[in-house]
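What follows is a short report on a single structure.
Residue numbers (our numbering): 113 to 291.
What follows is the structure, encoded as structure tokens:
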């Protein structure tokens, strides 16, 4: 599917809200789903939260000022909804690794690990990070966002993000080397 520019999506929403919103959902639902899924580690919860995200987006879209990208706006809604859900469930947000990232086993410190074990190791390493560092790591590593995009999403400086990301990477490396 060809990527549609935010401006075109918003213009379509103004002309025909139902069609425009369907285009927005189609354009972003997979990214929003995986963002939530990495935090909840549960398909059903991710589906439920994603539904709430798009309901909130539908209600708020007429007032959307386009000061940020649509995905940035949806990401913030998804993040807040997920944190609210996790707080209600009394769970800590955790991240999971996409199956596509690690396709085969590896050798770490002379030990052989399957792809599932590597995924679990990485999840455990990320779970040791402070929430903000884990969030920055996820956006950079999994979402492959540029530092400026992350800065816009989180409202923090690019320099601070770079430092936080590199500290997170070092902590993860240290965690893995300790195995």
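All C-beta atoms, glycine included, are put in the ideal place defined by N, C-alpha and C.
Please classify residue 176: does DSSP put it in a helix, a strand, or coil? Per DSSP, reduced to three states, the secondary structure at residue 176 is coil, with no helix or strand assignment.
Which word fits residue 261, buried or exposed, when buried means at least 16 other C-beta atoms lie within 10 angstroms of its C-beta? With 16 or more Cβ atoms within 10 Å of its Cβ, residue 261 is classed as buried.
For residue 148, does the count of other Cβ atoms within 10 angstroms reach 16, so buried, or fall short, so exposed? Buried, because 16 or more other Cβ atoms sit within 10 Å of the Cβ of residue 148.
Can you check which of these residues, 182, 229, 156, 251, is closest to residue 138 by C-alpha distance? Residue 138 has its Cα closest to that of 182, out of 182, 229, 156, 251.
How many angstroms separate the CA atom of residue 247 from the CA atom of residue 161? Rounded to the nearest angstrom, the two C-alpha atoms are 18 Å apart.
Status (buried if at least 16 other CB within 10 Å, exposed otherwise) for residue 215: Note that residue 215 scores a pLDDT of 39, beneath 50, so its modelled location is shaky; the value from the coordinates is reported in the next line. Counting other Cβ atoms within 10 Å of its Cβ, residue 215 stays below 16 and is therefore classed as exposed.
Between 153, 174, 278, which has its C-alpha nearest residue 124's C-alpha? Closest by alpha carbon: 174.
Any non-hydrogen atom of the ligand SAM closer than 7 Å to residue 181 Cβ: The ligand SAM is not part of the structure shown, which contains no ligands of any sort.
Along the chain, where does the alpha helix (DSSP H) that runs through residue 263 open and close? If you look at residue 263, you'll find it in the alpha helix (DSSP H) that goes 259 to 266.
Determine the burial state of residue 144: buried for a count of at least 16 other Cβ atoms within 10 Å of its Cβ, exposed for fewer. Buried, by the Cβ-count rule.
Contacting residues, own chain, Cβ-Cβ under 7 Å from residue 207 (five flanking each side not counted): For residue 207, the predicted model reports a pLDDT of 45, less than 50, meaning its position is unreliable and no value from the coordinates is stated.
What is the rounded straight-line gap between the Cα of residue 255 and the Cα of residue 196? One C-alpha to the other measures close to 22 Å.
Shortest alpha-carbon distance to residue 252 belongs to which of 278, 126, 142, 172? Across the set 278, 126, 142, 172, the C-alpha of 278 shows the shortest separation from the C-alpha of residue 252.
Say whether chain B places a C-beta atom closer than 8 Å to the C-beta of residue 117. Protein chains in the displayed structure number just one, and chain B is not present.
Given a cut-off of 8 Å, decide if residue 154 and residue 193 are closer than it, judged by their beta-carbon atoms. When the beta-carbon positions are compared, residue 193 and residue 154 stay at least 8 Å from each other.
Return the first residue and the last residue of the alpha helix (DSSP H) that residue 142 is part of. Start and end: 129 to 152.
Roughly how many angstroms separate the alpha carbons of residue 230 and residue 243, rounded to a whole number? Cα to Cα, residue 230 sits roughly 21 Å from residue 243.
So, is residue 291 buried or exposed, given that buried needs 16 or more other C-beta atoms within 10 angstroms? Exposed: under 16 other Cβ atoms inside 10 Å.
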